[in-house]
Each structure stands twice: as structure tokens, then as C-alpha cells.
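Everything below concerns the one structure shown next.
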Amino acid sequence: MSTGDPDAFARALAARLARDFGVRPGARRVIGVAGESGSGKTVTATGLARALADAGAPTAVIHQDDYFVRPPRTNHEHRRGDLSSVGPQEVRLELLAEHVADFRAGRDGVVAPRVDYPANRFVSQRYDFAAAGALVVEGTYVLGLPDLDVRIFLAATHADTADRRRERARDIHEPFVDQVLAIEHDIISRQAAVADLIVDRDFTVRSGPGHRTSTR
């Protein structure tokens, strides 16, 4: 499966998840989408959610960026003072796992943080799970969450996506950022070992080392 059309890619991916992993209406599946900065996590997650909804499975999306311990500019300055802080410990993964568990348990929603980039702060938002038949969780480290039915890893590296990140214009551009991205690459790339599906940089999808057919 390979396509340069994001909508066609999302539809094909949704069809594969239905066929191989039982992601279909009423199944209440949880899907993780991980990869490096600029790899296409958010586009993949939101496109997949739309495709699943079109197939009859309304889907909620949770973004790991909303679960960082510190807001973006504060976190950037903290990293400048201590590069060893870069990694999963920067994210409230326990809270994220709790919210995934709430979805799995059939709760109708959760109150979660949401990053306000202009104000460099977090505010509150409500995720509505009442109508959701699936949940997509996207972020750099989400394949380490304990209760995922499908783990999808985007293989494009920070070097592959440098132009994309510049176009996005959200990252702070300075040499220090390259050091951070290199550290993140070493950590994030290890998640490929547990992925059920790997999306290569040309958007070809292949089975990963963790591939298994869901039996839930």
C-alpha cells in the first residue's frame, strides 16, 4: 500500500486495520501512531480517524503533545540547561495511559490538558468518547503505552523531514535543536521493534516485527 494522496492513504490504512486487526464499528479499538518530529503523525492520525468515521466507526484522537510536563517554550529552555532531560520523562505518559484506559472502560469522556502554543501554557479540554468506536493516540513515544491494539510506526527520520518541519514553522530553529532531534531519534526509532505496521517515508506500509492479528 503506497499512495501520495493523503485521503486515499488513510482509506487504505483504515481498510487494512479493519481486515487485519478488527478495527470496525463497535469494536472499541485503540491505535497508536508514533514517529519522529515531522514524520506525519498528526496527518496520519487525523486522516485515519476521518477514514474510520466514514467507514462507520467514529474515532477520537488524542495528541501526546498535550501531555508534556512543561509547555513548549519552557520545555525548550529546560532542555538547553539539561540535555539529559530529553525523552519520555518529559511527557505525562501515566496520565495518557489513564485516559486510554478510560476509553477502554467505556467512559463517555475525560478532561485532559491541551497546549496553548501562543500563550505557552496548558488549558483544559474534554475528549468526548460517548460515540467513539475507536481511539487514535499519536505522538513520539506512544507505542510504549500498555494497552494498544495496533501500533503504527512512521519510519521517516528528522533528517528526512527537515524541509517539512521548516514549512510547519512550529519548531524553534537553531543548532541546539539538531542535538535534541538526534537524541530523540535514538529513543524513538527503537519503537519500530514493537510496531505492527511500519509506514516508510514513501508511505509504503509493511508489517512490523510486532505484527499480530487482533483477537480481542
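With UniProt numbering, the residue at position 155 of the sequence shown is 155, and numbering never jumps.
For glycine and all other residues, C-beta sits at the position ideal for the given N, C-alpha and C.
Spatially closest choice to residue i from the options, by CA coordinates
{"i": "residue 300", "options": "Phe68, Gly22, Leu143", "result": "Since the first residue of the chain shown is 1 and the last is 216, residue 300 is not available in this structure."}
{"i": "Ala101", "options": "Val205, Ala12, Ala134, Thr46", "result": "Ala134"}
{"i": "Thr157", "options": "Glu174, Val180, Pro146", "result": "Val180"}
{"i": "Ala159", "options": "Ala8, Arg16, Pro146, Glu36", "result": "Glu36"}
{"i": "Pro72", "options": "Phe122, Tyr127, Arg107, Ala132", "result": "Phe122"}
{"i": "Phe103", "options": "Phe176, Arg80, Pro175, Ala130", "result": "Ala130"}
{"i": "Glu174", "options": "Ala55, Arg80, Ala105", "result": "Arg80"}
{"i": "Phe176", "options": "Ala105, Ala53, Val86, Asp7", "result": "Val86"}
{"i": "Ala53", "options": "Arg70, Ala27, Ala112", "result": "Ala27"}
{"i": "Arg107", "options": "Asn120, Val69, Leu93, Asp128", "result": "Asp128"}
{"i": "Leu69", "options": "Ala51, Arg50, Gly22, Asn120", "result": "Here the sequence assigns Val to residue 69, which means Leu is not the residue at that position. Nearest of Ala51, Arg50, Gly22, Asn120 to Val69, Cα basis: Asn120."}
{"i": "Arg50", "options": "Asp20, Gly22, Asp7", "result": "Asp7"}
Contact check, residue i vs residue j, beta carbons under 9 Å
{"i": "Ile198", "j": "Ser207", "result": "yes"}
{"i": "Leu95", "j": "Tyr67", "result": "yes"}
{"i": "Ala195", "j": "Arg151", "result": "yes"}
{"i": "Ala132", "j": "Thr59", "result": "yes"}
{"i": "Val91", "j": "Thr46", "result": "no"}
Cα-Cα separation between residue i and residue j, rounded to whole angstroms
{"i": "Val110", "j": "Val30", "result": "15 Å"}
{"i": "Gln191", "j": "Pro118", "result": "31 Å"}
{"i": "Ser214", "j": "Glu77", "result": "Unreliable positioning characterises Ser214 in this predicted model, as indicated by a pLDDT of 48, which lies under 50. The coordinate reading is nonetheless provided below. Computed Cα separation, rounded: 42 Å."}
{"i": "Arg11", "j": "Gln89", "result": "34 Å"}
{"i": "Gly210", "j": "Phe153", "result": "11 Å"}
{"i": "Pro146", "j": "Glu98", "result": "10 Å"}
{"i": "Gly38", "j": "Leu83", "result": "21 Å"}
{"i": "Ala15", "j": "Arg114", "result": "30 Å"}
{"i": "Val136", "j": "Phe9", "result": "16 Å"}
{"i": "Asp202", "j": "Asp5", "result": "11 Å"}
{"i": "Asn75", "j": "Val205", "result": "33 Å"}
{"i": "Leu13", "j": "Asp186", "result": "27 Å"}
{"i": "Ser124", "j": "Ala105", "result": "22 Å"}
{"i": "Asp200", "j": "Phe21", "result": "20 Å"}
{"i": "Leu93", "j": "Ala57", "result": "26 Å"}
Outcome for residue i when other beta-carbon atoms lying within 10 angstroms are tallied against a minimum of 16
{"i": "Asp149", "result": "buried"}
{"i": "Asp116", "result": "exposed"}
{"i": "Thr44", "result": "buried"}
{"i": "Asp178", "result": "exposed"}
Neighbour flag for residue i against chain B, beta carbons, 9 Å
{"i": "Val115", "result": "The displayed structure is made up of one protein chain only, and chain B is not part of it."}
Cβ neighbours of residue i in the same chain (closer than 8 Å, five flanking residues each side left out)
{"i": "Ala18", "result": "Arg24, Ala55"}
{"i": "Phe138", "result": "With the sequence shown as reference, residue 138 is identified as Glu, and Phe is not the correct amino acid for it. So the qualifying residues of the chain are Gly32, Val33, Ala34, Lys41, Thr42, Thr44, Ala45, Val61, Ile62, His63, Gln64."}
Spatial neighbours of residue i in its chain, beta-carbon cut-off 6 Å, leaving aside the 5 residues before and after
{"i": "Ile183", "result": "Val86"}
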